[in-house]
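So the protein lines, in turn, are chains A and B. The opening residue of the first sequence carries number 9 in the working numbering; numbering runs sequentially from there. The opening residue of the second sequence carries number 3 in the working numbering; numbering runs sequentially from there. These notes are about the structure you will find just below.
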Amino acid sequence: MNMISRFFAAGALCAAAIAFSPISAGSARAATATAAPVVVDKQEKVAEANKDQPLSAVRVIVTCQPYDQFRPWSKRPPFQHRAVGAVLSGSRVLVTAELVANSTYLELENPDTADKTPATVERVDYESDLALLKPSTAGFLDKFKPIDLADPSVGDDLAFWQLEPNGTLLSTRGLLTTADVSRYPVDDTALLLFRATSSLQTRDGSFTSPVVKGGALAGMLLRFDPRTQNADVIPAPVISHFLKAAANPGAYAGFPRAGLLFASLRDPQLRRYAGLTNGNGGVYITYIARDGAAEQAGLQVGDVVLAVGDCHVDQDGNYRDPRYGKISIVHVISTQHFDGDVVPFKIARKGQEQTVSVKLSHPDPAKSIIEPYSIDKAPRYYILGGLVFQELSRQYLKEWGPEWFKKAPERFIYFDRYQAELFKDDPRRRIVILSHVLPSPCTVGYEELNGLVVEKINGMPLKDLADIDAALAKSADGFHHIRVIGHPREIVVDAKQVRDVEPLLIKNYGLPEIKNLE
Amino acid sequence: MRRITWLFFFLFAFHLRAFAISIAEIRKSLVRITTTSQEPNFRTPWTPGSISGGVGAGFVISGKRILTNAHVVSNARFLSVERENDPKHYIARVLQIAHDCDLAVLSISEPKFFDGTVPLPFSGKLPQIESSVSVYGYPIGGERLSVTTGVVSRVDFQLYSHSAADSHLTIQTNAAINPGNSGGPVLQEGKVVGVAFQGYSGDVAQNTGYMIPVPVIHRFLKDIEDGHYDHYMDLSITTFPLLNQAQRASLGLEEDSRGIYVSQVASAGSCAGALQPGDVILSIDGHPVESDGFVQLDGERVEMPEVVERKFKGDTVDFDILRDKMRRSVTVKFDRPWPYQLQCSQYDIRPRYVLFGGLLFQPLNRNFLETYQIDDLRVHYLYDFFISEEIYKEHPEVVVLSSVLPDPINTYLNDFRNGVVENVNGAKIQSLEDLATAFQKPADYYVIKMLGEGRPIVLERAAVEAAHDRIQTRYKVRADQNLRDAVETTTAEN
């Protein structure tokens, strides 16, 4: 009862804030005689509140310029994002990582005074989609009030902060409707995510913004869909984990994983087969990642995970969280623990229960044979006589657009999706591909070739692009033999002609350099 | 791979032309074929399939036979044939049918049918570009015989859309070819130069119709002389034009413009053991192969595979090749057609399947994919790369769990649809027969492991036995499995 009346009252405040046109509409006031005084009164209170207290929100303007994965020696045209960052203690600003991906220039702007300062990215985690910014001008954030982290629960009222063009703080109500583990945008990482409903108005400058409960930070806005009025919010516990890990002086160690995949154990036939005679919980391990935490701990495919630490795992992989209710056990593993934590896993193997100590770890994305994401980094490439060699990565595949998993070359999509299975024991570090051809006198007859996987050059298998120089040195007959998977099997270029044509390529195609192996 | 959508023509149009003597004789030998067909049902493969039909054309050839397209009489359950000025309907049967080149010959039960007919003569050479042709048939637009005219626009290799996997010589014409023209003759100066069979719809391309030329027709008629159709022979290799000078020099080729590079040799194909990847083909049966893959054949410049188009089972083909810079001669014998038909549209078949615990397992093939419109990456990869990645070595048949007939035994198994079976109780599954055999072996549990990561499907024997009759009754399943794909009907003679 209390919650509902509070919500409706708050709703009126919200409507007033948007509909309110300063002072002039005398007739409007008369028409809504009973409502108007209350509205004006509350609005003034908010305005007064704004004036009294220093802000905890700062405008962030970012210029981004990602690399063109198809022309890896050049960048796409720059574009700008505008957002609202949360000012944290220690003179730092919290925003989402997507805001600063491939950023070339960042600015903070005081909404009140319009003072600006450049800023730099101090820490960024693309998996949890969070970034910490530091102003280049010392003392720039002194006038701001740092915001603390809140402890929200499902059903809480949230305030979505936005900044008007004149710098006024605009606060819109929302309701925290669900909290559960979901996929985050950049790497499909699974972490706790809040969902809220709100009649948020799309405003320029809201790429991300703080979501507040009772004056403390409940989360950062990840996405908002005005049609469904649904907001996805990176929750306070995830932010807290990020900040704690970011405070470590050494390298940033991200959200850890157990290095396994599991399937639900609802099917009674599967349960009996797995030797489970009592109880109705537990999940069936279907995959153990190479060099992952589970593999190191000796867990096996077919083991049943019954509990992680003190948390009993049900047959769908959920546990009962005191604050969030039934959510995935992944929250315990990834957000309630840190890289290096040792956690006891209670398992059943062929019906026998035992406890296994698992040292959770964050897998290095750079160790994947097909990198899941590559941001703020120039793509590697090697141009040989016009043949453009690159390394297959998901960033490369995403260049085919939002439907890349339908439009990119089928063999590449297949390799990316099933890389754990296909390249389990593969000695390669990366998969070298012939991306396309820049026509030159060396490449007559090869102009249409594209999307080929390169196995060897001059008989030497390529572990990654950096091997190309050594492979070229192996040329025995004055030619370079490039062996690819499938048709056309092998293409050949003249070794001397390739060297001679280099200045021509650089001049004709405006290449800054013939290769980048950084 | 180009994917062109073709239309099939099974309806009518009308047009008359004065060409006195020829027409009178020609008209006596033209027939209108009405087919009642039954399409195999891949979704519920224990049911007989829906009944439909269509109309096409055909004409009398030597031996008291009628020549028409395979697609006119595919899946036929009843064939009725009519002639002009004859009120009777005659019952016909398929004598021989070739789905890989869209041709078929029919016989008529009533011997008097052929009285007064003259087998239409075939032309001895390909018609010239821009020369006139006339198309006879029973297309949409009317009920009586129709003639349309045009010129020969192009002579080219094209995909024959009936099987959707075979390409042969075609003659393109701008004479109107519409639904119902299929199987009808195309004539020039009183001789047949082709059988009208496919074309583009007006919104894709105009005045673009195709006929099967005489060389393809003759090959078919010669092939069936022994009473058995042995199919086209295939080299089953992929080649790459040798246009790059560095590549040519590294292979030891002289500066002239001959030679193509062999990039792949299918291990299940005719050239396995004879040709190797890396070989350069210099000539085929004595015809020099130019570096763009064309040869001179009978005064025409055609693609190299045209030479193999004219081969029969038991024939050989000679290659002059360069291997490791040394010239050699290699002979390839064609003793079997390409064994894997999964990428061809198939006809006159019954779908093969195994039903176990309400789980329906079917082999992956074109008909199956078209029925289920599966969106799964792994299934598509296995289909698209079946030949180029030699997936048939591990999976001569790719067995897919296509659907689940809901029952308590399988109520947790819906997520397994579109999975590919890897093994059952440890026995590797490489064909539908393997699966049927594995399910027949008694075991307490049937543990079905699918390709890729995921839990196994576990079915308890007692539950399977209890569910069997329940599922059969509920879903009116007549048979648990069908492992034979042949169809027995009374419209075909063996």
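We put the CB at the ideal spot given by N, CA and C, even for glycine. All values reported here derive from a predicted model rather than from experimental measurement.
Are the C-beta of residue i and some C-beta of chain B separated by less than 9 Å?
i: A/Q362; result: no
i: A/I421; result: yes
i: A/V46; result: Since pLDDT at A/V46 reaches only 33, below the 50 mark, its modelled position is unreliable, and the value read off the structure follows with that caveat. No, A/V46 does not count as interfacial toward chain B.
i: A/F413; result: yes
i: A/E429; result: yes
i: A/Y295; result: yes
i: A/L278; result: yes
i: A/E418; result: yes
i: A/M9; result: The predicted model places A/M9 with a pLDDT of 30, which falls under 50 and marks its position as unreliable; any figure quoted below should be read in that light. Chain B contact via Cβ: absent.
i: A/Q308; result: no
i: A/Q237; result: no
i: A/Q77; result: no
i: A/R425; result: yes
i: A/C319; result: no
So residue i and residue j are supposed to be a Cβ contact under 8 Å. How far apart are they, rounded?
i: B/A177; j: B/T210; result: With 8 Å as the limit, B/A177 and B/T210 do not qualify as a contact, their Cβ atoms being about 10 Å apart.
i: A/A305; j: A/L140; result: Actually they are not in contact, since the Cβ atoms of A/A305 and A/L140 sit about 32 Å apart, beyond 8 Å.
i: A/G283; j: A/V313; result: In fact, because the Cβ distance is near 14 Å, the residues do not count as touching under 8 Å.
i: A/P264; j: A/K221; result: Actually they do not touch by this definition, with Cβ atoms about 27 Å apart.
i: B/D487; j: B/R312; result: In fact, because the Cβ distance is near 29 Å, the residues do not count as touching under 8 Å.
i: A/Q73; j: A/P86; result: 4 Å
i: B/G301; j: B/G185; result: About 29 Å; that fails the 8 Å criterion.
Is there at least one Cβ from chain A nearer than 9 Å to residue i's Cβ?
i: B/A465; result: yes
i: B/I411; result: yes
i: B/I23; result: Unreliable placement is indicated for B/I23, whose pLDDT of 35 sits below 50; no coordinate value is reported for it.
i: B/L223; result: no
i: B/L361; result: no
i: B/L366; result: no
i: B/L415; result: yes
So residue i is in the alpha helix (DSSP H); what residue range does that whole segment cover?
i: A/F250; result: 244 to 255
i: B/E435; result: 434 to 442
i: A/N516; result: 503 to 517
i: B/L371; result: 368 to 374
i: B/P307; result: 307 to 311
i: B/H73; result: 72 to 75
Over what stretch of residues does the beta strand (DSSP E) that includes residue i continue unbroken?
i: B/V404; result: In the sequence as presented, Val is not what sits at residue 404 of chain B; that position holds Ser. 401 to 406 is the span of the beta strand (DSSP E), which, as asked, contains B/S404.
i: B/I214; result: 211 to 215
i: B/Y499; result: The requested residue 499 of chain B is not part of the displayed model; chain B covers only 3 to 496.
i: A/F549; result: Nothing can be reported for residue 549 of chain A, as the shown portion of chain A is limited to 9 through 526.
i: A/W598; result: The structure shown does not extend to residue 598 of chain A, since chain A is modelled only from 9 to 526, so the question has no answer here.
i: A/N326; result: 326 to 329
i: A/L314; result: 312 to 316
If we cut at 9 Å on Cβ distances, does residue i have a partner in chain C?
i: B/I68; result: The displayed structure is made up of protein chains A and B, and chain C is not among them.
Cβ-based contacts, 9 Å cut-off: residues of the stretch 483 to 501 of chain A near chain B: Contact annotation: in the stretch 483 to 501 of chain A, residues whose CB is within less than 9 Å of a CB in chain B are D485, G486, F487, H488, H489, I493, G494, H495, P496, R497, E498, I499, V500, V501.
Inter-stretch contact (C-beta, 8 Å, three-pair minimum) for the stretch 91 to 100 of chain B and the stretch 148 to 162 of chain B: The stretch 91 to 100 of chain B is not in contact with the stretch 148 to 162 of chain B.
Cβ contact (3+ pairs, closer than 8 Å) linking the stretch 202 to 209 of chain A and the stretch 227 to 241 of chain A: Output reads yes: the stretch 227 to 241 of chain A touches the stretch 202 to 209 of chain A.
Cβ pair count under 8 Å reaching 3, the stretch 106 to 119 of chain A against the stretch 361 to 376 of chain A: Output reads no: the stretch 361 to 376 of chain A does not touch the stretch 106 to 119 of chain A.
Contact set between the stretch 453 to 487 of chain B and chain A, restricted to residues whose Cβ is under 9 Å from the partner: Cβ contacts with chain A come from L453, G454, E455, G456, R457, P458, I459, V460, L461, E462, A465.
Near-chain B residues of the stretch 452 to 480 of chain A (beta-carbon distance less than 7 Å), N- to C-terminal order: Within the stretch 452 to 480 of chain A, the residues whose Cβ lies closer than 7 Å to some Cβ of chain B are V452, G453, Y454, listed in chain order.
Residues from the stretch 233 to 247 of chain B in contact with chain A, defined by Cβ distance under 9 Å: Interface annotation for the stretch 233 to 247 of chain B against chain A: T240, T241, F242, P243, L244, L245, N246, Q247, criterion Cβ-Cβ distance under 9 Å.
Touch test, the stretch 403 to 418 of chain A against the stretch 361 to 373 of chain B, Cβ-Cβ under 8 Å, three pairs minimum: The stretch 403 to 418 of chain A vs the stretch 361 to 373 of chain B: no contact.
Contacting positions in the stretch 262 to 288 of chain B - beta carbon closer than 9 Å to chain A: Here the close residues are Y263, V264, S265, Q266, P279, G280.
Where the stretch 424 to 454 of chain B meets chain A: residues whose CB sits under 8 Å from a CB there: If the cut-off is 8 Å between Cβ atoms, the stretch 424 to 454 of chain B has Y447, V449, G454 near chain A.
Short-range partners of chain A found in the stretch 375 to 409 of chain B, where Cβ spacing is below 8 Å: Within the stretch 375 to 409 of chain B, the qualifying residues are L379, R380, H382, Y383, D386, F387, S390, E391.
Selection of the stretch 252 to 274 of chain A by Cβ proximity to chain B, strictly under 7 Å: So the list reads L269, A271, R274, given in the order they occur along the chain.
contact_flag[the stretch 122 to 141 of chain A, the stretch 184 to 199 of chain A] where n(CB pairs < 8 Å) is 3 or more: The stretch 122 to 141 of chain A makes contact with the stretch 184 to 199 of chain A, as at least three CB pairs between them are under 8 Å.
The stretch 249 to 263 of chain B: positions lying closer than 9 Å to chain A by Cβ: Within the stretch 249 to 263 of chain B, contact with chain A at the beta-carbon level (separation under 9 Å) is assigned to Q249, R250, A251, S252, L253, Y263.
The stretch 123 to 133 of chain B touching the stretch 211 to 226 of chain B, judged by at least three CB pairs closer than 8 Å: Yes: at least three Cβ pairs fall under 8 Å.
Interfacial residues, the stretch 338 to 356 of chain B to chain A, with Cβ spacing under 7 Å: Along the stretch 338 to 356 of chain B, there is no position whose C-beta sits under 7 Å from a C-beta of chain A.
Sufficient close CB pairs (3 or more, under 8 Å) joining the stretch 386 to 398 of chain A to the stretch 492 to 506 of chain A: Yes, since at least three Cβ pairs between the stretch 386 to 398 of chain A and the stretch 492 to 506 of chain A fall closer than 8 Å, the two stretches touch.
Stretch pair the stretch 375 to 390 of chain B + the stretch 425 to 441 of chain B: three plus CB contacts closer than 8 Å: No contact exists between the stretch 375 to 390 of chain B and the stretch 425 to 441 of chain B.
Contact set between the stretch 384 to 411 of chain A and chain B, restricted to residues whose Cβ is under 7 Å from the partner: Residues passing the 7 Å Cβ filter: none.
Meets three-Cβ-pair contact criterion under 8 Å: the stretch 340 to 356 of chain B and the stretch 245 to 264 of chain B: Touching, no.
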